[in-house]
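Numbering (the working numbering), first residue to last: 3 to 373.
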């Protein structure tokens, strides 16, 4: 990263640069003027991507609270809570200090917000005489954890969060089936503890000659910087001195065949130029989908996009809930048979398999006819 210009306010009538920092000087600062025209052009063409190019310059950006910026807002949000145009103007001095510490000559240096808060503070402090010394966490081998941490009660919380990605063709064939997961931890331990975590990794089982029936093959594995990679390469053990508080230890992907939690089939019939009918069928085998017991309620929200010229709509379901909303996830609580029909609204059908709105029976399919 030769130069970082952040953030840019994209609101009309005239976008303007709020904060910028040129780390090396090999990129002309006038290049930022080409960013907004390219962004709006790609947005109109429907070809928007997080990386835009102009000549030999690449713009990497995300949008956050009507601000277009190339840096993730997590660090700044730890300081200002709400990252908006006004908070940037009010805290520009601290932002410049953070930009200088986050990057060194264009290379990422210290990105942990907890470590940055040790020497970039928002409170006054008494000046100490003598030669200035950097914080110990910056210079020691474990830069992500401070020394002298003490707790009355040592606790560690570990959460494994997984999502299933399933791509099915129009004729019902499974094109891709994978699990994307992450391991998140909350650590409240005293001192400098060393933790070890073992997984039923296929590579480990192959090397040790143990059974493979319950092993998994991890792909696209990404670790937190605290993990000793050499130890993991040798014996597949995750050994680390954790940061204090909450962090993501690792993320991974399992490219394996997974039984779908639910199965969705849809049939579209066009009866005339102004009338179209959808039949959406949802089913699930009890107790067969990833070990989900048949008595446990599984809430499922199905979002169905409708044509922009939608004038009226009729939907009928045997049980469950359905509602209209302007965008997926914009609706609040789900009321039974609640209907809202604003123009250009996709239908969000909230269905509960064995939940409060109805009782699902085994693998019997549930249908949503909509006209």
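Glycine included, each C-beta is placed from N, C-alpha and C at the ideal position.
What does a CB cutoff of less than 7 Å around residue i pick up in its chain, not counting 5 residues either side in sequence?
{"i": "residue 239", "result": "198, 200 and 233"}
{"i": "residue 89", "result": "82"}
{"i": "residue 162", "result": "183 and 185"}
{"i": "residue 52", "result": "62, 63 and 64"}
{"i": "residue 274", "result": "none"}
{"i": "residue 111", "result": "103, 104 and 105"}
{"i": "residue 127", "result": "Per-residue confidence for residue 127 stands at a pLDDT of 45, beneath the threshold of 50, marking its modelled position as unreliable; the derived number appears in the next sentence. Answer for residue 127: no residue qualifies."}
{"i": "residue 166", "result": "181, 260 and 263"}
Here's the rule I'm using: 16 or more other beta-carbon atoms within 10 Å means buried, otherwise exposed. How should residue i be labelled?
{"i": "residue 177", "result": "exposed"}
{"i": "residue 245", "result": "buried"}
{"i": "residue 284", "result": "buried"}
{"i": "residue 123", "result": "exposed"}
Whose C-alpha, out of the options, is nearest the C-alpha of residue i?
{"i": "residue 228", "options": "254, 237 and 242", "result": "242"}
{"i": "residue 374", "options": "109, 100 and 54", "result": "This structure leaves residue 374 out entirely; the chain is present only between 3 and 373."}
{"i": "residue 264", "options": "222, 304, 258 and 29", "result": "304"}
{"i": "residue 39", "options": "160, 56, 27 and 115", "result": "56"}
{"i": "residue 59", "options": "171, 28 and 114", "result": "28"}
{"i": "residue 267", "options": "172, 46 and 218", "result": "172"}
{"i": "residue 20", "options": "160, 271 and 85", "result": "85"}
{"i": "residue 158", "options": "54, 247, 33 and 36", "result": "247"}
{"i": "residue 169", "options": "258, 218 and 79", "result": "258"}
Can you name, in chain order, every residue of its own chain whose Cβ lies under 6 Å from the Cβ of residue i, other than the five neighbours on each side?
{"i": "residue 269", "result": "281"}
{"i": "residue 164", "result": "181 and 183"}
{"i": "residue 37", "result": "61"}
{"i": "residue 41", "result": "none"}
{"i": "residue 54", "result": "40 and 61"}
{"i": "residue 190", "result": "153 and 157"}
{"i": "residue 223", "result": "254"}
{"i": "residue 160", "result": "187"}
{"i": "residue 196", "result": "243"}
{"i": "residue 433", "result": "Residue 433 lies beyond the stretch modelled for the chain, which goes from 3 to 373, so this question has no answer here."}
{"i": "residue 341", "result": "Caution applies to residue 341, whose pLDDT of 39 falls short of 50 and renders its modelled position unreliable; the model cannot decide the point."}
{"i": "residue 44", "result": "50"}
For residue i, collect the residues of the same chain with a Cβ closer than 8 Å to its Cβ; drop the 5 residues on either side in sequence, then sort them by chain order.
{"i": "residue 231", "result": "225"}
{"i": "residue 151", "result": "191, 192, 193 and 246"}
{"i": "residue 113", "result": "77 and 104"}
{"i": "residue 174", "result": "267"}
{"i": "residue 221", "result": "254, 255, 256 and 257"}
{"i": "residue 32", "result": "none"}
{"i": "residue 91", "result": "20"}
{"i": "residue 48", "result": "none"}
My guess is that residue i and residue j are in contact by the Cβ rule of under 8 Å, so how many angstroms apart are they, rounded?
{"i": "residue 236", "j": "residue 192", "result": "Wrong, their Cβ atoms sit about 29 Å apart, outside the cutoff."}
{"i": "residue 25", "j": "residue 94", "result": "That belief does not hold up - the Cβ atoms of residue 25 and residue 94 are roughly 17 Å apart, past 8 Å."}
{"i": "residue 23", "j": "residue 98", "result": "7 Å"}
*For the region 173-189 against the region 250-261, are there 3 or more C-beta pairs whose distance is under 8 Å?*
Contact annotation: the region 173-189 touches the region 250-261, with at least three C-beta pairs closer than 8 Å.
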